[in-house]
Every structure is written in structure tokens, then in C-alpha cells.
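Since the structure comes first, as C-alpha cells, the remarks are kept for the end.
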Amino acid sequence: MDTWLNNLWHGVTLGGNEVMRSLMVALLSLVIMLVVVLVVIWLERKVSADIQNRIGPIRTGGVLGFVLQSLADALKLLMKEDLRPAGADRWPFYIAPYLVFLPAFMAYMILPFSATWIPQDVKIGILYYCAVSAVPVLGIAIAGWASNNKWSLLGALRSAAQLVSYEIPLGLAILAAVLLHGTLETGAIVRSQWLNPWLTLLTLPALLIFLTAGLAEVSRTPFDLPEAESELVSGFNTEYSGMRFATFFLAEFSASFFISALAVTLFLGGWSLWGLDLAWARHVFHWDTAAWFVDGALVPAAIPFVMKAFWFAVFMVKTFVVLWILMWVKWTLPRLRIDQVLNFGWKALLPAALANLLLVSLVGAWLQPAGGDTPGRPAVVNAIVLPGVGPPGAADGDAAGSPASAPGRP
Amino acid sequence: MILPAMPEDYGTTVVSMGPQHPSTHGVLRLMLKMDGETVLRLVPVIGYLHRGTEKLAESRTYTMIIPYTDRLDYLSAMYMNLGYVLAVERLLGLEVPERARWLRTAVAELQRLASHLLWLGSFALDLAATTVFLYTFREREIILDLFETLCGARLTYNYMRIGGVMADVPAGWLGRAADYLDVQERMLVEYENLLTGNPIFRARTEGIGVISGADAVNFGLSGPTLRGSGVPYDIRKLEPYDAYGEVEFAVATREAGDCFARYEVRLDEMRESIKIVRQCLEKLDGLAGEVQGRAPRVIKPAAGEAYARVEAPRGLFGVFSVSDGTANPVRVRFRSPSFANLCALDHMCRGVKLADVVAVLGSIDIVLGEIDR
Numbered sequence: 079m080d081t082w083l084n085n086l087w088h089g090v091t092l093g094g095n096e097v098m099r100s101l102m103v104a105l106l107s108l109v110i111m112l113v114v115v116l117v118v119i120w121l122e123r124k125v126s127a128d129i130q131n132r133i134g135p136i137r138t139g140g141v142l143g144f145v146l147q148s149l150a151d152a153l154k155l156l157m158k159e160d161l162r163p164a165g166a167d168r169w170p171f172y173i174a175p176y177l178v179f180l181p182a183f184m185a186y187m188i189l190p191f192s193a194t195w196i197p198q199d200v201k202i203g204i205l206y207y208c209a210v211s212a213v214p215v216l217g218i219a220i221a222g223w224a225s226n227n228k229w230s231l232l233g234a235l236r237s238a239a240q241l242v243s244y245e246i247p248l249g250l251a252i253l254a255a256v257l258l259h260g261t262l263e264t265g266a267i268v269r270s271q272w273l274n275p276w277l278t279l280l281t282l283p284a285l286l287i288f289l290t291a292g293l294a295e296v297s298r299t300p301f302d303l304p305e306a307e308s309e310l311v312s313g314f315n316t317e318y319s320g321m322r323f324a325t326f327f328l329a330e331f332s333a334s335f336f337i338s339a340l341a342v343t344l345f346l347g348g349w350s351l352w353g354l355d356l357a358w359a360r361h362v363f364h365w366d367t368a369a370w371f372v373d374g375a376l377v378p379a380a381i382p383f384v385m386k387a388f389w390f391a392v393f394m395v396k397t398f399v400v401l402w403i404l405m406w407v408k409w410t411l412p413r414l415r416i417d418q419v420l421n422f423g424w425k426a427l428l429p430a431a432l433a434n435l436l437l438v439s440l441v442g443a444w445l446q447p448a449g450g451d452t453p454g455r456p457a458v459v460n461a462i463v464l465p466g467v468g469p470p471g472a473a474d475g476d477a478a479g480s481p482a483s484a485p486g487r488p
Numbered sequence: 120m121i122l123p124a125m126p127e128d129y130g131t132t133v134v135s136m137g138p139q140h141p142s143t144h145g146v147l148r149l150m151l152k153m154d155g156e157t158v159l160r161l162v163p164v165i166g167y168l169h170r171g172t173e174k175l176a177e178s179r180t181y182t183m184i185i186p187y188t189d190r191l192d193y194l195s196a197m198y199m200n201l202g203y204v205l206a207v208e209r210l211l212g213l214e215v216p217e218r219a220r221w222l223r224t225a226v227a228e229l230q231r232l233a234s235h236l237l238w239l240g241s242f243a244l245d246l247a248a249t250t251v252f253l254y255t256f257r258e259r260e261i262i263l264d265l266f267e268t269l270c271g272a273r274l275t276y277n278y279m280r281i282g283g284v285m286a287d288v289p290a291g292w293l294g295r296a297a298d299y300l301d302v303q304e305r306m307l308v309e310y311e312n313l314l315t316g317n318p319i320f321r322a323r324t325e326g327i328g329v330i331s332g333a334d335a336v337n338f339g340l341s342g343p344t345l346r347g348s349g350v351p352y353d354i355r356k357l358e359p360y361d362a363y364g365e366v367e368f369a370v371a372t373r374e375a376g377d378c379f380a381r382y383e384v385r386l387d388e389m390r391e392s393i394k395i396v397r398q399c400l401e402k403l404d405g406l407a408g409e410v411q412g413r414a415p416r417v418i419k420p421a422a423g424e425a426y427a428r429v430e431a432p433r434g435l436f437g438v439f440s441v442s443d444g445t446a447n448p449v450r451v452r453f454r455s456p457s458f459a460n461l462c463a464l465d466h467m468c469r470g471v472k473l474a475d476v477v478a479v480l481g482s483i484d485i486v487l488g489e490i491d492r
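Right, dumping it as C-alpha cells:
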């Protein structure tokens with residue numbers, strides 16, 4: 079089971095065939111995303127019901143309702159007629175939902191679900207996300223334009239203005255984490271937080287900026303202007319029905335989950351318990367944690383499956399807590415107006431993000447001793463690893479061989 | 120009608136908001152001439168809910184008209200009943216028993232509470248604060264239950280009668296109503312916690328849809344929309360009907376004239392309504408007597424005319440009734456507060472953003488059943 083999963087995650091079984099490997103990674107991302115989104119939609123309904131004195135969906139699926147309810151909804155939408163307004167621009171109208179949907183699931187590729195479970199640990203990791211997350215706005219703009227409906231067009235224009243504005247503070251908040259951990263690889267960023275837990279504290283302001291900008295990026299209340307039901311009927315997706323609407327819907331919830339997962343990954347220690355897990359593994363379970371690291375990189379085969387599953391659970395719990403906070407915000411706050419949204423983005427959030435970046439850079443430079451030769455990350459970080467928590471190398475003061483000094487792959 | 124035709128209209132769009140739109144509160148259509156998201160002009164198109172109530176009234180007897188008035192402002196049907204029966208009572212010169220007068224005042228104020236609760240919920244919903252809507256409906260449900268035990272209906276009550284009310288309260292009703300008032304007082308704080316101090320809510324309502332006191336009077340506005348502009352005009356004080364002359368309450372006003380002022384006025388009014396109902400319940404507790412006055416079996420008022428006006432939740436509701444001595448009125452005319460309030464919408468909305476139109480429309484609280492009649 080363990081080997082199979084490891085192979086699956088790393089796509090090695092297929093004899094190194096790059097095409098098959100890529101397909102495997104894509105399939106894996108898609109499956110994870112679909113399953114997760116089914117649960118997220120159900121959760122959204124339950125959480126909103128809880129906040130609003132309602133019960134929420136209870137009839138479908140019995141105890142499996144948390145998956146089957148959304149599945150039933152999707153199935154219903156699948157059987158609906160796929161309408162296209164007479165004046166709509168045919169092909170753009172048909173293609174737009176997938177332009178929004180594809181990036182939403184492509185981003186899942188870089189999520190570190192557990193220490194060794196990453197669909198594809200890309201070197202440029204977070205940069206890849208920044209690139210991919212810029213695509214949906216294109217799909218939304220096309221959907222709004224092609225629908226031949228003024229409400230849709232207004233929604234699309236709002237969306238273009240909003241998403242482009244908030245990508246900048248979002249990027250700057252991400253940059254703060256990247257700067258501090260000295261790597262773009264999502265897996266390495268989590269490992270850095272794992273071994274240097276106090277770094278998490280330094281990125282807390284960035285987390286707030288990230289979550290605020292993230293709310294705007296995934297267009298949730300108070301930033302749900304592209305849809306804005308009470309103003310624009312349904313915004314850019316007014317004219318969509320059936321499965322094409324479901325695709326937009328799916329992409330939206332997938333993005334909500336992803337933004338929470340990314341917040342956890344970059345700022346809240348990802349799958350780790352900030353080194354506590356490592357301490358427990360060594361002192362409570364008496365596992366040979368030293369064997370988990372070879373030249374600073376993790377060895378998947380050496381880590382017990384239970385540990386990986388535990389990390390996965392930690393990651394999921396953290397993500398759902400963040401997601402729950404996003405839902406709480408959504409069902410409590412009213413919606414901002416478009417000019418207020420843009421003003422807030424450019425005049426408040428962007429300066430805050432810049433100030434935060436400056437602060438983090440200064441702290442980073444202060445932490446970096448003169449002549450420090452570790453590329454990319456403050457070398458002093460290695461020395462402040464909690465006693466008995468870090469990998470043996472770091473605890474013994476052997477900075478050269480410690481994983482902390484070389485978070486990336488060798 | 121406001122299609123871009125002139126050279127200066129170049130670059131503007133006309134958007135038809137409604138009649139199928141989530142925020143037009145019924146079947147209202149707003150023609151918006153917009154420059155991007157900014158509203159240049161607004162023309163309300165009404166009539167989608169016209170049922171000819173005034174014409175129908177001419178071929179019905181006086182008693183048969185009461186249920187039709189339920190369908191005017193269906194969110195405050197008690198008040199529509201009340202305005203109409205007051206007019207006919209004045210036509211007849213009929214005395215209403217004391218207990219009936221107090222009962223009418225109690226249910227009328229409960230109706231105001233129910234109506235304002237619905238308004239608060241839908242106003243918050245217009246600003247996308249969905250949760251408040253379900254909270255206010257929770258309390259409104261208690262009032263509807265009270266009304267149901269009182270007259271059997273939850274929306275169109277047909278409770279008021281010429282010369283009194285349909286029936287006395289059932290056993291235990293006064294106590295239940297008193298319990299409800301306690302709950303409502305606590306819950307008002309909850310709504311305020313969600314909205315009043317919320318910076319987003321304030322940003323969306325303060326300084327939006329401003330209308331000065333003078334303009335408000337000139338447009339013929341009434342109710343909370345007028346009082347939000349600092350004009351303390353309330354028929355309950357100026358021309359007390361039923362038991363309003365004998366209860367103590369304050370007229371809530373605000374100076375700002377924006378959406379937030381109208382919101383605050385309505386919340387204050389809800390607190391005052393709670394006070395009024397409390398006084399009514401106390402009085403009713405020790406008051407015995409008839410609830411139906413000595414109205415003739417077949418109502419044939421002497422030839423003449425009568426006008427009655429009441430302070431309905433949305434403003435001044437007037438009923439003008441003309442009799443020629445037969446069993447059917449010659450003419451019944453309803454003065455609808457929502458109609459006058461809607462007419463000022465263009466004035467309030469020029470230069471605001473599209474999203475503000477929804478907020479302003481929500482803040483003047485219209486009911487299309489009463490506008491179209």
C-alpha cells in the first residue's frame with residue numbers, strides 16, 4: 079500500500095515514461111480536487127445552515143451525505159439542458175467554463191498533502207501557481223463577453239478589475255514567505271517551517287494579507303462582485319446552465335479549497351506540527367528519524383506509512399479550519415462596492431503587503447550573518463532549531479549536512 | 120424611453136433591471152442609463168402587478184372590499200385593513216368600542232414590527248449579508264403565528280371590521296404576545312451587532328441615496344423615508360386614530376437622509392413599536408367589553424365622502440371613499456406611500472454606482488402590490 083502510494087505520487091511505476099507520468103499526475107490532481115470539492119460544497123451548505131439557524135441538507139446519502147449530496151447535485155445539473163442564448167458567441171461561450179476550471183485543478187499539482195505526497199514537486203512551485211491563477215480571469219471575461227448579456231458583461235468587467243488588482247498583494251504576501259524560506263518549492267517551504275517553527279510567527283502578517291487578497295481572488299463575500307447575486311442577477315454566469323454552470327461552480331469551490339490549502343502550506347506549517355511531530359516520532363514512538371533524511375532530503379521509503387497518513391490528516395484538518403474561517407466570513411459580512419473593493423486593494427492592501435515585504439526582508443537580512451554561505455535562506459535559522467526537534471544533523475550543529483540548510487532537492 | 124439617442128449619450132448603456140431581478144422586490148422594472156457602473160438616470164416602470172383594486176371596489180359592498188385591501192401592501196395587510204375601515208367608519212359616523220380600538224392598535228404595531236423585520240432582512244440581503252435575513256424571519260414567524268391564532272391567516276388577515284375587529288383574542292394570546300416582545304427586544308441587539316457597527320455595512324449605506332428634508336417633502340415622501348431626512352412627520356402623532364392618542368411613544372427621526380439614516384429610523388421604530396404593544400397588552404388585560412361596534416347589517420352610508428389616513432409601516436396610507444347612498448361605494452381611492460417613495464428614486468440614485476441602486480431601493484422599502492394596486 080505504502081509503496082504503491084509512493085509510486086503513484088511520484089509517478090515512477092510507469093517506467094519513467096514522461097507522458098504517462100504527466101497524465102498520472104494530472105489524473106491524481108483531478109481526482110483529489112473532485113473528491114475534496116464535493117466535501118467542500120457540502121460543508122459550505124452545512125456551515126452556512128449552522129450560522130443561519132437552519133439544518134442544511136439531510137436527506138441525500140444518509141451518513142455518506144457529505145459526498146453524495148454534492149454528487150447528486152452535480153448529477154442533476156448534468157441532466158439539465160445545456161442552453162446557449164441565441165445572441166451568444168458560440169465557441170467562446172462553450173470554452174469559457176473550462177478556461178476557468180482547468181487552472182483551478184492544475185494548481186493542485188503543487189500542493190504538499192504530506193511530507194512525501196506531492197502530485198508533482200515542481201522546482202518553481204509557487205511561481206507556477208501565480209502563473210496558473212492568472213488564467214481564470216480570462217475565462218470569466220470571455221464568459222461575460224460571449225453571453226451577450228449586460229449583467230454578464232458587468233460581472234466580467236468587475237471580475238477583470240478585481241482579480242488583476244488583488245493578484246499583486248497576493249503575490250507580495252507569497253513573496254514574503256518565499257523570501258524567508260528561501261525557496262519556491264512548496265514542499266521545501268513546509269519542510270523549512272517544520273524544522274524552524276518560529277519562522278511561522280514571522281509570516282503571520284503575511285497570512286492576513288494573503289487571506290484577504292485570497293478571498294478576493296476566489297471571489298467570495300465580501301468580494302463576490304463578479305457574481306453579486308443581488309446586483310447582477312448572477313454576474314458572468316447568468317446565461318449558463320447545466321454542466322457548464324456546474325463547471326464554474328466547481329472551479330469556484332475548488333479555488334476556495336486551494337487558497338485555504340495554500341495559506342496552510344505557506345504560512346501555517348502545512349502538513350507538519352511545527353516539529354512536534356518529529357519530536358514525538360523520536361521520543362514517544364522511538365522511530366529512527368535520522369534515517370528519514372539523506373543529505374537533507376526526505377527518503378519516502380524510510381518514513382512509516384502511519385506518519386505520512388498522520389501528516390496528511392494534519393494538513394486536511396488545518397486546511398478545513400482555514401476554510402471554515404473563510405465560510406464564517408462569507409456568511410457574516412455584507413458585500414463591498416466595486417470602487418470600494420479597488421480602493422481597498424490599491425490603497426490599503428498593496429501598501430500593507432509592501433510594508434510587510436520590507437519588514438520580512440529586513441528581518442531576513444538581520445538573521446543572515448555576514449558571510450553566510452547558505453544560498454537563499456538565513457543560515458542562522460539552522461542554529462535556532464528547537465533542541466531535540468530538528469533532524470540529527472542540525473541538532474548536532476552539523477550545519478553542512480542538515481536538511482534545513484538545503485531545503486531544496488539536492 | 121431613455122435609449123441613448125443624443126450625441127451626449129455616446130458611451131452610455133441602458134440596462135433593464137427587472138422585472139425579473141433578484142433585488143427589485145417584486146415585479147418592478149428599472150430602466151438604468153449607465154456610464155460603466157455609474158447610474159446617470161433611472162426610470163421605474165411599474166404596472167406589472169396591476170389588478171384594478173380601486174375599480175373592483177366600485178362593484179363590491181363595503182364589507183366585501185376589506186379582503187381586497189389585504190392584497191395592497193401584503194406585508195402590512197393589517198394596516199391596509201385599518202386604513203380602509205377607518206374611512207368607512209368616518210363615512211358612517213360609527214363609534215368603535217374601546218377594546219376593539221386597543222386591539223387594533225396592538226395588531227397594527229405588531230404588523231409594523233413584522234413588516235420592518237422583513238424589510239431589515241431583505242435590505243441586508245440586498246447588501247449580501249444573507250444571515251440577517253434568516254434571523255429576522257425567525258422572529259417574524261412568531262408574529263405570524265400570533266396573527267394565525269388571532270384570525271386564521273398568516274399574510275392576508277381580513278381581521279379589521281367596519282366598527283371593530285373580527286374576533287377577540289383567544290385565551291393566552293396576550294401572554295404569548297408579551298413573551299414575543301421580550302424575545303424581540305433581545306434579538307434587535309443581535310441584528311444591530313451584525314450590521315450597525317460593521318464597517319462594510321456603514322460604507323455601503325452612509326452617504327448613499329441622500330435626499331434633503333425639503334426635497335423629501337416636495338416629493339411627497341412619507342414614513343421612515345421622510346423621517347430619515349429629519350422631518351418628524353407621523354400621522355400617529357399628528358392625527359391619532361384608534362388608541363394612538365393614549366399611548367406613549369417617540370417619533371424616530373434622523374438628519375442625514377441617507378440609507379443608513381433610514382435604517383436607523385426603522386430600528387428605532389421597532390423599539391417604539393415594542394413599547395406601544397406593551398402598553399396595549401397591559402391595557403387589554405384589564406379591559407372587558409365588545410370588540411364589534413353597532414354597524415348596520417347592510418352598510419349604506421349616506422351620500423358623502425370621507426378620507427382616512429394612517430401611518431402604515433411604509434408611510435402615509437390614505438383611503439378616500441365616496442358614497443352615493445347605495446351599498447357599493449362610488450369611488451375608493453388608495454393613496455400609496457410606496458408609489459410616492461418610488462418616484463424619488465431617480466433623484467436619490469443619480470451618480471451612484473449600480474450596487475447602490477440596490478441599496479437605495481432596499482432602503483425606501485417598497486411593495487409593488489400597493490404601488491400597482
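Chains W and F are the protein sequences, given in the same order. In terms of my numbering, the first sequence opens at residue 79 and continues consecutively. In terms of my numbering, the second sequence opens at residue 120 and continues consecutively. Glycine included, every Cβ here is placed at the ideal spot set by N, Cα and C. Predicted model, so just to flag it, every value in this text is computed and none were measured.
Open item on the list: Beta-carbon within less than 8 Å of F/G376's beta-carbon, same chain only, minus the 5 sequence neighbours each way: which residues are those?
Closed with: Position 257 of the second sequence, counting from 1, holds the residue named residue 376 of chain F. Same-chain partners within the cutoff: V329, I330, S331, G332, A335, G347, S348, G349.
- [ ] Reducing DSSP to helix, strand and coil, say where F/Y382 ends up.
- [x] As a working note, residue 382 of chain F is residue 263 in the second sequence. In this structure, F/Y382 counts as helix in the three-state DSSP scheme.
Task: Classification of F/Y129 by the beta-carbon crowding that lies within 10 angstroms, buried from 16 upward - done: Residue 129 of chain F sits at position 10 when you count from the first residue of the second sequence. By the neighbour-count definition (other C-beta atoms within 10 Å, threshold 16), F/Y129 is an exposed residue.
Task: Below-9 Å beta-carbon distance, W/V311 vs any chain F residue - done: Translated into the one-based positions of the first sequence, residue 311 of chain W becomes position 233. W/V311 counts as touching chain F.
Open item on the list: Distance check for F/G166 and F/R355, CA to CA, integer angstroms please.
Closed with: For this step, residue 355 of chain F is matched to residue 236 along the second sequence. For this step, residue 166 of chain F is matched to residue 47 along the second sequence. Distance between the alpha carbons of F/R355 and F/G166 is about 30 Å.
TODO: Indicate whether W/I218 and F/A474 have their beta-carbon atoms separated by less than 9 Å.
DONE: By 1-based counting over the first sequence, the position of residue 218 of chain W is 140. By 1-based counting over the second sequence, the position of residue 474 of chain F is 355. Taking 9 Å as the Cβ cut-off, W/I218 and F/A474 do not qualify as a contacting pair.
Task: Beta carbon of W/L279 nearer than 9 Å to that of W/G353 - done: Numbered from its first residue, the first sequence carries residue 279 of chain W at position 201. Numbered from its first residue, the first sequence carries residue 353 of chain W at position 275. Result no, Cβ atoms of W/L279 and W/G353 do not sit closer than 9 Å.
Task: Contact list for the region 406–422 of chain W against chain F, Cβ threshold 7 Å - done: W409, T410, L411, P412, R413, L414, R415, I416, D417, Q418
TODO: Please say whether W/P304 and W/Q240 have beta carbons closer to each other than 9 Å?
DONE: Taking the first sequence and counting its residues from 1, the one referred to as residue 240 of chain W is at position 162. Taking the first sequence and counting its residues from 1, the one referred to as residue 304 of chain W is at position 226. In this structure, W/P304 lies closer than 9 Å to W/Q240 by Cβ.
TODO: On the DSSP bridge assignment, give the partners of F/G434 in chain order.
DONE: Position 315 of the second sequence, counted from the start, is the residue given in the question as residue 434 of chain F. DSSP lists F/A431 as the bridge partner or partners of F/G434.
- [ ] Specify whether the region 411–426 of chain F and the region 304–316 of chain F touch according to this definition: at least 3 beta carbon pairs, one from each stretch, less than 8 Å apart.
- [x] no
Open item on the list: If we define contact as Cβ-Cβ less than 9 Å, is W/D355 a contact residue for chain F?
Closed with: Counting from one through the first sequence, the residue named residue 355 of chain W turns up at place 277. No - not a single Cβ of chain F is within 9 Å of the one on W/D355.
Open item on the list: Which of the three DSSP states is assigned to F/E424 in this structure?
Closed with: Along the second sequence, one-based indexing puts residue 424 of chain F at 305. Here F/E424 sits in strand by DSSP.
Open item on the list: Here's the rule I'm using: 16 or more other beta-carbon atoms within 10 Å means buried, otherwise exposed. How should W/E159 be labelled?
Closed with: Locating residue 159 of chain W in the first sequence gives position 81, counting from the first residue. With fewer than 16 other Cβ atoms within 10 Å, it is exposed.
- [ ] Could you tell me if W/E295 is buried or exposed, where buried requires 16 or more neighbouring beta carbons within 10 angstroms of its beta carbon?
- [x] The sequence position of residue 295 of chain W within the first sequence is 217, counting from 1. So W/E295 counts as buried.
Open item on the list: Taking 9 Å as the threshold (beta carbon to beta carbon), is W/P163 in contact with chain C?
Closed with: Of the protein chains in the structure, W and F, none is chain C.
Task: Residue range of the unbroken beta strand (DSSP E) whose run includes W/S319 - done: On the first sequence, position 241 is the one that residue 319 of chain W refers to. Counting along the chain, W/S319 sits inside no beta strand (DSSP E), nor does DSSP assign it H or E at all.
Open item on the list: I need the straight-line Cα distance from F/S455 to F/E214, nearest angstrom please.
Closed with: Position 336 of the second sequence, counted from the first residue, corresponds to residue 455 of chain F. Position 95 of the second sequence, counted from the first residue, corresponds to residue 214 of chain F. Cα to Cα, the separation comes out at about 26 Å.
Task: 8 Å Cβ cut-off: residues of chain F touching W/P300 - done: Within the first sequence, the letter at position 222 stands for residue 300 of chain W. Contact of W/P300 with chain F by beta-carbon distance below 8 Å involves A247, I319.
Task: Residues near F/A225 in its chain [Cβ-Cβ closer than 7 Å; skip 5 each side] - done: What you label residue 225 of chain F is simply residue 106 of the second sequence in a count that begins at 1. Correct list, in chain order: V396, C399, L400, L403.
Open item on the list: Against chain F, does W/S126 count as a neighbour if the rule is that its beta carbon must be under 9 Å from one of theirs?
Closed with: On the first sequence, position 48 is the one that residue 126 of chain W refers to. Taking Cβ atoms only, chain F reaches closer than 9 Å to W/S126, which makes this a yes.
Task: Candidates W/F179, W/A166, W/T261: closest to W/K201 by CA position - done: By one-based count along the first sequence, residue 201 of chain W stands at place 123. Minimum Cα distance to W/K201 is reached at W/T261.
Open item on the list: Quick check: what's the CA-CA separation for W/A221 versus W/S297?
Closed with: Counted from its first residue, the first sequence places residue 221 of chain W at position 143. Counted from its first residue, the first sequence places residue 297 of chain W at position 219. Each residue's Cα considered, the two are about 16 Å apart.
Open item on the list: What would DSSP say about F/T224, mapped onto helix, strand or coil?
Closed with: In the second sequence, the residue the question calls residue 224 of chain F occupies position 105. Judged by DSSP in its simplified three-state form, F/T224 adopts helix.
Task: Min CB distance W/K425 to chain F below 9 Å - done: For the purposes of this step, residue 425 of chain W is identified with residue 347 of the first sequence, where counting begins at 1. No, W/K425 does not count as interfacial toward chain F.
Task: Own chain, CB closer than 7 Å to W/D199, minus 5 neighbours either side, in chain order - done: As a position in the first sequence, residue 199 of chain W is number 121, starting the count at 1. The residues E263, G265, in chain order, have a CB closer than 7 Å to that of W/D199 in the same chain once the five nearest residues on each side in sequence are set aside.
TODO: Determine the direct distance from the alpha carbon of W/I337 to that of W/V384, and round the result to whole angstroms.
DONE: Along the first sequence, one-based indexing puts residue 384 of chain W at 306. Along the first sequence, one-based indexing puts residue 337 of chain W at 259. Each residue's alpha carbon lies about 27 Å from the other.
- [ ] Figure out for me which residue from F/H466, F/S135, F/M153, F/A463 has the closest Cα to the Cα of F/V146.
- [x] Residue numbering aside, residue 146 of chain F sits at position 27 when the second sequence is read from its first letter. Taking only the C-alpha atoms, the option nearest F/V146 is F/S135.
- [ ] Give me the Cα-Cα distance between W/A284 and F/R492, rounded to the nearest whole angstrom.
- [x] In the first sequence, residue 284 of chain W corresponds to position 206, counting from 1. In the second sequence, residue 492 of chain F corresponds to position 373, counting from 1. One C-alpha to the other measures close to 57 Å.
Task: W/P453 versus W/A254 - alpha carbon distance - done: Taking the first sequence and counting its residues from 1, one reaches residue 453 of chain W at position 375. Taking the first sequence and counting its residues from 1, one reaches residue 254 of chain W at position 176. Since pLDDT at W/P453 reaches only 44, below the 50 mark, its modelled position is unreliable, and the value read off the structure follows with that caveat. Computed Cα separation, rounded: 17 Å.
- [ ] Output, in chain order, the set of chain F residues within a Cβ distance shorter than 8 Å of W/N131.
- [x] Locating residue 131 of chain W in the first sequence gives position 53, where the first residue counts as 1. By Cβ distance, chain F contributes L253, Y254, R257.
Open item on the list: Relative to the C-alpha of F/G364, which candidate in F/K419, F/P163, F/W221 has its C-alpha closest?
Closed with: Taking the second sequence and counting its residues from 1, one reaches residue 364 of chain F at position 245. Out of F/K419, F/P163, F/W221, F/W221 has the C-alpha closest to the C-alpha of F/G364.
Open item on the list: Against chain F, which members of the region 210–234 of chain W pass a CB distance test of less than 8 Å?
Closed with: K228, W229, L232
Open item on the list: So that I know if they touch, is there some Cβ in chain W lying closer than 9 Å to that of F/S482?
Closed with: Within the second sequence, numbered from 1, the residue matching residue 482 of chain F stands at position 363. F/S482 is outside the set of residues whose beta carbon lies under 9 Å from a beta carbon in chain W.
Task: F/D154 at chain W interface by Cβ criterion, 9 Å - done: Counting from one through the second sequence, the residue named residue 154 of chain F turns up at place 35. It does not; no Cβ of chain W falls within 9 Å.
Open item on the list: Within 8 Å, do at least three Cβ pairs link the region 187–201 of chain F to the region 429–441 of chain F?
Closed with: These segments touch.
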